[in-house]
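Following: one structure in structure tokens, then a few remarks.
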Amino acid sequence: MRYNCGMAPVMSRHASRERAKEAFELRASRHSWREVADRLGYRSVGAAQTAVARHVARERREPSATSVEAHKFAIETRTRAMSQRFAAAFRNGDDDTLVALNREIRANEVELAKLGGYYAPEQVDVNVTHDATAIIDRMESELLALVATRPPQNAISGNIIDADVEEITR
Numbered sequence: 172m173r174y175n176c177g178m179a180p181v182m183s184r185h186a187s188r189e190r191a192k193e194a195f196e197l198r199a200s201r202h203s204w205r206e207v208a209d210r211l212g213y214r215s216v217g218a219a220q221t222a223v224a225r226h227v228a229r230e231r232r233e234p235s236a237t238s239v240e241a242h243k244f245a246i247e248t249r250t251r252a253m254s255q256r257f258a259a260a261f262r263n264g265d266d267d268t269l270v271a272l273n274r275e276i277r278a279n280e281v282e283l284a285k286l287g288g289y290y291a292p293e294q295v296d297v298n299v300t301h302d303a304t305a306i307i308d309r310m311e312s313e314l315l316a317l318v319a320t321r322p323p324q325n326a327i328s329g330n331i332i333d334a335d336v337e338e339i340t341r
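Numbering (my numbering), first residue to last: 172 to 341.
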């Protein structure tokens, strides 16, 4: 790296891209933009943000915001670490650790699938060809046909009303 008369450091394209990649990784590790800029020698927070945005555009993982890419990177990093511990727990026969790690790895994979758009709802086009009156008419005719098949009920003779009287006191 060389310097030009008190100006920002001049570096090769490769070194600049490596620095942008490192800035992306620091940001994905939840460092503030100020920390990223200070640690890697960017002149401003905006310069660090621009470098990270260009890095994400170069990676072409998907045309989404830098924060989504950083989130995906963080999930992938955690999953890699847990997968190594999962293999060690498998070799050691530690079933409790296997179950806990498997649950977390699965949750991370689900989150990555959602970020990748694999959980997007399917659009289904449904056309209803019956209107409500047609359905009511059909149900009425079916009900009348059902009643016609039953034997007639014998009504109670006379004008008898069966009732109970209850008084409510307040």
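All C-beta atoms, glycine included, are put in the ideal place defined by N, C-alpha and C.
Among the options, nearest to residue i - alpha-carbon criterion
{"i": "R184", "options": "R205, R198 and R225", "result": "R225"}
{"i": "G242", "options": "E282, L317 and Q294", "result": "It is worth fixing the name first, because residue 242 is His in this sequence and not Gly. The option with the nearest alpha carbon to H242 is E282."}
{"i": "E153", "options": "A334, K192, N273 and V318", "result": "Residue 153 lies beyond the stretch modelled for the chain, which goes from 172 to 341, so this question has no answer here."}
Where the alpha helix (DSSP H) through residue i begins and ends
{"i": "G212", "result": "Careful: G212 lies outside any alpha helix (DSSP H) and carries neither H nor E."}
{"i": "H242", "result": "T237 to N263"}
{"i": "E282", "result": "D266 to L286"}
Cβ neighbours of residue i in the same chain (closer than 8 Å, five flanking residues each side left out)
{"i": "Q280", "result": "Just to set this straight, residue 280 is Glu in the shown sequence, not Gln. Here the set comprises T250."}
{"i": "N325", "result": "none"}
{"i": "N330", "result": "none"}
Helix, strand or coil at residue i [DSSP, three-state]
{"i": "V181", "result": "strand"}
{"i": "R173", "result": "Note that R173 has pLDDT 48, beneath the 50 cutoff, so the model's placement of it is unreliable and the number below is only indicative. Residue state, collapsed to three classes: strand."}
{"i": "V155", "result": "Residue 155 falls outside the range modelled here, since the chain spans only 172 to 341, and no answer is possible."}
{"i": "D308", "result": "helix"}
{"i": "E193", "result": "helix"}
{"i": "H202", "result": "coil"}
{"i": "Q294", "result": "coil"}
{"i": "T221", "result": "helix"}
{"i": "E338", "result": "coil"}
{"i": "V227", "result": "helix"}
{"i": "R188", "result": "helix"}
Beta-carbon gap between residue i and residue j smaller than 8 Å
{"i": "V227", "j": "E247", "result": "no"}
{"i": "L211", "j": "A219", "result": "yes"}
{"i": "A222", "j": "R190", "result": "yes"}
{"i": "F244", "j": "E206", "result": "no"}
Contacting residues, own chain, Cβ-Cβ under 6 Å from residue i (five flanking each side not counted)
{"i": "V299", "result": "none"}
{"i": "M310", "result": "none"}
{"i": "A194", "result": "V207, L211, A219, A222 and V223"}
{"i": "T237", "result": "V223, A224 and V227"}
Cβ-based neighbour list, residue i, same chain, cut-off 7 Å, excluding 5 preceding and 5 following
{"i": "E275", "result": "M253"}
{"i": "L269", "result": "F257, A260 and F261"}
{"i": "Q294", "result": "none"}
{"i": "Y290", "result": "A284"}
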